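As structure tokens, the structure follows; a few thoughts come after it.
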Amino acid sequence: MEVTFRKIQKEDMRHFKNWGKHDDPRFFQYNFEYDSQMEYDAWYYSKQRWIFRKVYGLFLDDHPVGFITLKHINYIKKTAELGIAVDPNHLSKGYGTKMLRMYLDHVFDRFPIEEMHLKVSYFNIRAQKSYSKVGFRQVAESYEPFEEQGYKDLIMERFPEQFDLIEGTLYTRFIKMKIDKNTYLTARDQ
Ligand SMILES: CC(C)(COP(=O)(O)OP(=O)(O)OC[C@H]1O[C@@H](n2cnc3c(N)ncnc32)[C@H](O)[C@@H]1OP(=O)(O)O)[C@@H](O)C(=O)NCCC(=O)NCCS
Numbered sequence: 161m162e163v164t165f166r167k168i169q170k171e172d173m174r175h176f177k178n179w180g181k182h183d184d185p186r187f188f189q190y191n192f193e194y195d196s197q198m199e200y201d202a203w204y205y206s207k208q209r210w211i212f213r214k215v216y217g218l219f220l221d222d223h224p225v226g227f228i229t230l231k232h233i234n235y236i237k238k239t240a241e242l243g244i245a246v247d248p249n250h251l252s253k254g255y256g257t258k259m260l261r262m263y264l265d266h267v268f269d270r271f272p273i274e275e276m277h278l279k280v281s282y283f284n285i286r287a288q289k290s291y292s293k294v295g296f297r298q299v300a301e302s303y304e305p306f307e308e309q310g311y312k313d314l315i316m317e318r319f320p321e322q323f324d325l326i327e328g329t330l331y332t333r334f335i336k337m338k339i340d341k342n343t344y345l346t347a348r349d350q
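So the sequence shown is numbered by our numbering: it starts at 161 and just counts up by one.
Okay, here's the thing in structure tokens:
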């Protein structure tokens, strides 16, 4: 099977309907809950607004096994935030870490970005491990509303020790991580 890393094109969107589904409600926000191809295409167009905001994917032959993108790009501070998701049918097989390395190579080699940031839930050890392996380091912790407020009851029922429901809003702890270009490139080229 051929593994490639490249920009996701509109024609690739038809393969996303073959993605698996997370059955853990803390990850429901990463499920594609779309019925029609038009909705997948709309997702693609929503990511194309900014020049850097191109979505890249890791492909197994034609199948996009994961995607990775930049958000909150700050051209003055030369910083950006990273977003990543792997097909739930292919979690924990090393694809996320591989894609992170390829994307950091790509962004730091070609774009005027000096620092990458991200925010990851405290409970999301799988993601934290992957980020640490490519060189991200923890810089802060925070306690904030969870990104997905749609499954509060289910989440509270299954993971009461990881969340609080305060005045109807679901809160959890986050870890903030970052990596700078020099550190990344020096470690990579050693
Ligand atoms: C985060 C994500 C991109 C990582 O990609 P991945 O391909 O699944 O991860 P990798 O296989 O590269 O690495 C995962 C690591 O976590 C470990 N791991 C997996 N499940 C784990 C668990 N439940 N607890 C602890 N460690 C776990 C794996 O063993 C591996 O570590 P190792 O290489 O030292 O053995 C992917 O899991 C994903 O899409 N998750 C859902 C969306 C998400 O969480 N996005 C990030 C939000 S900040």
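Cβ atoms here follow ideal geometry from the backbone N, Cα and C, with glycine treated the same way.
Only a predicted model underlies this, so the values are computations on that prediction, with no experimental measurement involved.
Taking only runs that begin and end inside the stretch 173-225, name each unbroken beta strand (DSSP E) of 3 or more residues, in chain order. The qualifying runs are 216-220.
Residue range of the alpha helix (DSSP H) that includes residue 266: By 1-based counting over the sequence shown, the position of residue 266 is 106. From DSSP, the alpha helix (DSSP H) with residue 266 extends over 255-270.
So, at 6 Å on beta carbons, what are the nonlocal neighbours of residue 165 in its own chain, with the 5 sequence-adjacent residues on each side left out? As a working note, residue 165 is residue 5 in the sequence shown. Result list for residue 165: 218, 262, in chain order.
Tell me whether residue 302, by its Cβ, gets closer than 7 Å to a heavy atom of ligand 1. Residue numbering aside, residue 302 sits at position 142 when the sequence shown is read from its first letter. Look at residue 302: its beta carbon is at least 7 Å from all of the heavy atoms in ligand 1.
Sorry if obvious, but does the Cβ on residue 284 come closer than 7 Å to a heavy atom of ligand 1? The sequence position of residue 284 within the sequence shown is 124, counting from 1. Within 7 Å of the C-beta of residue 284 there is at least one heavy atom belonging to ligand 1.
Is DSSP giving residue 161 helix, strand or coil here? Mapped onto the sequence shown, residue 161 falls at position 1. Residue 161 falls in the coil class under three-state DSSP.
By DSSP's criteria, residue 277 is part of a beta bridge. Which residues make up the other side? Stepping through the sequence shown from its first residue, residue 277 is reached at position 117. Note: residue 277 sits in a beta bridge opposite 241, 338.
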